[in-house]
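Novice: Going by full-length UniProt numbering, the residue at position 209 of the sequence shown is 209; the numbering climbs one at a time, nothing skipped.
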Amino acid sequence: MTGNVLPSTQWKRGLLGSNEKHLVALVKASPLGIIAFDLEGKIILWNHAAEDITGWLEAEVLDLPIQILAGPNWEEYEALRRRTLNREVFHSLPMEAATKDGRTMVISYSSAPVFDSKNRVVATMAVIYDMTEKIAKMKLESQLKESLGKMNRILGETVQALSYAVEKRDPYTAGHQHRVAQLACALAEELGGEAVQSLDAIWTAAILHDVGKLYVPAEILTRPGQLTRIEMELIKSHAEVGYEMLKNIEFPWPVPLIVHQHHERLDGSGYPAGVMASQILLESRILAVADVVEAMSSHRPYRLGKGLASARDEIWQARGTAYDPAVVDACIRLIDTGFVFCDHNPRNTADNDSPNYI
1 MTGNVLPSTQ
11 WKRGLLGSNE
21 KHLVALVKAS
31 PLGIIAFDLE
41 GKIILWNHAA
51 EDITGWLEAE
61 VLDLPIQILA
71 GPNWEEYEAL
81 RRRTLNREVF
91 HSLPMEAATK
101 DGRTMVISYS
111 SAPVFDSKNR
121 VVATMAVIYD
131 MTEKIAKMKL
141 ESQLKESLGK
151 MNRILGETVQ
161 ALSYAVEKRD
171 PYTAGHQHRV
181 AQLACALAEE
191 LGGEAVQSLD
201 AIWTAAILHD
211 VGKLYVPAEI
221 LTRPGQLTRI
231 EMELIKSHAE
241 VGYEMLKNIE
251 FPWPVPLIVH
261 QHHERLDGSG
271 YPAGVMASQI
281 LLESRILAVA
291 DVVEAMSSHR
301 PYRLGKGLAS
311 ARDEIWQARG
321 TAYDPAVVDA
331 CIRLIDTGFV
341 FCDHNPRNTA
351 DNDSPNYI
């Protein structure tokens with residue numbers, strides 16, 4: 001040997017003076033793989049963790065070149081080793097490595113130069129740990145996220161398509177579902193707490209709350225003037241029909257039940273089931289107020305819209321009987337502070353703030 005190159009046994013004996021014995025003991029016991037190469041790239045240190053990671057025992061690799069770890073990627077390792085000898089330090093580089101049984105794994109590779117008492121580089125030391133499972137998990141999570149995103153977009157587009165179909169059947173109420181969704185979400189934000197956590201559920205249910213009207217003949221939906229009792233019962237069936245249409249779709253929220261209950265009232269006077277008070281979902285209680293306010297303030301074939309002021313009076317009179325007092329109070333605050341309906345859909349599923357359906 002020439003210069004500062006020492007056989008692995010001599011190199012280790014050089015470390016075993018004074019307190020450096022403790023350092024070697026720590027290196028051996030480290031849960032991270034710790035290895036070292038001399039100036040020629042031969043292995044001079046290979047701790048127990050490195051044995052566990054690679055399958056190679058220290059006795060099998062001492063004085064062998066770096067290729068034993070690097071496999072077909074040895075040139076990349078050799079380039080890093082040479083740069084480390086030039087006093088460069090590397091942190092947590094993802095590298096492919098070879099195991100004794102021929103597998104390829106991904107390791108995190110950090111390296112730094114080792115200096116003697118005269119500040120000369122005498123070796124390269126590296127820390128390694130197996131990242132194979134972590135990398136595989138990250139890849140799986142990325143694929144899952146991509147898949148869920150695709151499903152989210154498809155479900156969102158389906159929701160919008162159903163809403164569009166309803167509005168095409170009933171042109172006099174075109175935009176009704178989106179306006180109800182605007183107010184319902186504004187109410188949820190005004191209420192805060194549990195309601196805010198249900199924003200996506202409220203938006204989706206509001207967009208779909210009249211989907212059951214696809215079952216109602218178009219001539220009834222669009223007919224000006226008074227409807228017969230039978231015709232009214234047919235229209236009222238849309239809540240039940242909507243539930244039946246949606247119940248087998250795996251929404252992440254109880255959208256079918258919210259739609260089913262949006263015409264229920266606190267005192268049991270609503271339909272289709274006549275449920276009361278706390279039996280009615282909060283989302284449905286919010287939707288009920290938003291629905292009646294939008295319906296009263298907008299034009300219909302058989303009457304002119306009465307405006308938000310009249311709708312405000314209507315919900316106030318039914319506060320605590322038909323409608324949830326907290327929701328009514330929130331709606332009145334919104335109206336009194338200038339809430340207006342928008343003609344466009346501010347949460348189109350193409351936008352970044354579209355609901356997270358999955």
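Note that the Cβ used here is the ideal one computed from N, Cα and C, for glycine as well. In this text the structure is predicted, and so the values were computed from the model without any measurement.
Under a three-way DSSP split, which group does P346 fall into?
Specialist: Stepping through the sequence shown from its first residue, residue 346 is reached at position 346. Residue placement at P346 is poorly supported in this model, since its pLDDT is 47, which falls under 50; the coordinates are not used for a value here.
Novice: Can you name the residues that DSSP bridges to I34?
Specialist: Indexing the sequence shown from 1 puts residue 34 at position 34. Answer by DSSP bridge pairing, in chain order: V127.
Novice: Quick one, which of A123, K213, E314 has its alpha-carbon nearest L162's?
Specialist: Taking the first residue of the sequence shown as 1, we reach residue 162 at position 162. Closest option to L162, Cα to Cα, is K213.
Novice: Thinking just about the alpha-carbon of each residue, which of A330, V289, L304 is nearest to the one in D314?
Specialist: For the purposes of this step, residue 314 is identified with residue 314 of the sequence shown, where counting begins at 1. Before going further, note that residue 314 is Glu rather than Asp in the sequence given. With distances taken between CA atoms, E314 lies nearest to V289 out of A330, V289, L304.
Novice: My output table needs one value for T337: the three-state DSSP class, helix, strand or coil.
Specialist: Here residue 337 corresponds to residue number 337 of the sequence shown, with the count starting at 1. DSSP places T337 in coil when its eight states are reduced to three.
Novice: I need the boundaries of the beta strand (DSSP E) containing A98, first residue and last residue.
Specialist: Counting from 1 along the sequence shown, the entry for residue 98 is found at position 98. 90-98 is the extent of the beta strand (DSSP E) around A98.
Novice: Does DSSP put N356 in a helix, a strand or coil?
Specialist: Taking the sequence shown and counting its residues from 1, one reaches residue 356 at position 356. Residue placement at N356 cannot be trusted, given a pLDDT of 39 that sits under 50; the coordinates are not used to answer.
Novice: On the three-state DSSP scale, how would you describe R179?
Specialist: Numbered from its first residue, the sequence shown carries residue 179 at position 179. Here R179 sits in helix by DSSP.
Novice: Using DSSP's beta-bridge definition, name the partner residues of L45.
Specialist: Within the sequence shown, the letter at position 45 stands for residue 45. DSSP lists A36 as partners of L45.
Novice: Output needed for W253: all residues of its chain with C-beta closer than 6 Å, excluding positions within five of it in sequence on either side, in chain order.
Specialist: Here residue 253 corresponds to residue number 253 of the sequence shown, with the count starting at 1. Excluding positions up to five away in sequence, the list reads A201.
Novice: May I have the straight-line CA-CA distance separating A322 from V292, to the nearest angstrom?
Specialist: As a working mapping, residue 322 is identified with position 322 in the sequence shown. As a working mapping, residue 292 is identified with position 292 in the sequence shown. Their backbone Cα atoms lie some 11 Å apart in a straight line.
Novice: In the DSSP assignment, what are the bridge partners of P65?
Specialist: If you number the sequence shown from 1, residue 65 lands on position 65. Bridge partners of P65: K42.
Novice: Report the rounded CA-to-CA distance for E189 versus L140, giving the unit in angstroms.
Specialist: Taking the sequence shown and counting its residues from 1, the one referred to as residue 189 is at position 189. Taking the sequence shown and counting its residues from 1, the one referred to as residue 140 is at position 140. Answer to the nearest angstrom: the Cα atoms are 35 Å apart.
Novice: Please determine if the stretch 318-336 and the stretch 239-247 are in contact, where contact requires at least 3 C-beta pairs separated by less than 8 Å.
Specialist: no
Novice: If you draw a straight line from the alpha carbon of H262 to that of E157, how long is it in whole angstroms?
Specialist: Here residue 262 corresponds to residue number 262 of the sequence shown, with the count starting at 1. Here residue 157 corresponds to residue number 157 of the sequence shown, with the count starting at 1. Cα to Cα, the separation comes out at about 23 Å.
Novice: Between the stretch 272-283 and the stretch 210-227, can you find at least three pairs of beta-carbon atoms closer than 8 Å?
Specialist: no
Novice: Beta strand (DSSP E) containing Y109: first to last residue?
Specialist: Locating residue 109 in the sequence shown gives position 109, counting from the first residue. Counting along the chain, Y109 sits inside the beta strand (DSSP E) bounded by residues 104-115.
Novice: For residue 424 versus L308, is the C-beta spacing smaller than 9 Å?
Specialist: Residue 424 lies beyond the stretch modelled for the chain, which goes from 1 to 358, so this question has no answer here.
Novice: Which residue's Cα is closest to the Cα of A295: E219, V27, V180, R87?
Specialist: Start at 1 with the first residue of the sequence shown, and residue 295 comes out as number 295. Per the Cα distances, V180.
Novice: By the 10 Å Cβ neighbour count, where 16 or more other Cβ atoms means buried, how is C342 classified, buried or exposed?
Specialist: Looking up residue 342 in the sequence shown gives position 342. Label assigned to C342: exposed.
Novice: Is G71 near A49, with beta carbons less than 9 Å apart?
Specialist: As a first step, residue 71 must be located in the sequence shown, where it is residue number 71. As a first step, residue 49 must be located in the sequence shown, where it is residue number 49. Their beta carbons are not under 9 Å apart, which means G71 does not touch A49 by this criterion.
Novice: Does DSSP put R319 in a helix, a strand or coil?
Specialist: As a position in the sequence shown, residue 319 is number 319, starting the count at 1. Of the three classes helix, strand and coil, the one that applies to R319 here is strand, per DSSP.
Novice: Would you report the Cα separation of F90 and V106, rounded to the nearest angstrom?
Specialist: The residue given as residue 90 occupies position 90 in the sequence shown. The residue given as residue 106 occupies position 106 in the sequence shown. When rounded, the distance between both Cα atoms is 16 Å.
Novice: Is DSSP giving R13 helix, strand or coil here?
Specialist: Taking the sequence shown and counting its residues from 1, one reaches residue 13 at position 13. Summary for R13: the model assigns pLDDT 48, below 50, so the residue's position carries little reliability; its value from the coordinates is reported in the next sentence. Note: R13 maps to helix in three-state DSSP.
Novice: Distance check for M151 and K145, CA to CA, integer angstroms please.
Specialist: As a first step, residue 145 is located in the sequence shown; it is residue number 145 there, counting from the start. As a first step, residue 151 is located in the sequence shown; it is residue number 151 there, counting from the start. Whole-angstrom Cα-Cα distance: 10 Å.
Novice: What residues are listed by DSSP as bridge partners for V121?
Specialist: Position 121 of the sequence shown, counted from the first residue, corresponds to residue 121. Answer by DSSP bridge pairing, in chain order: F115.
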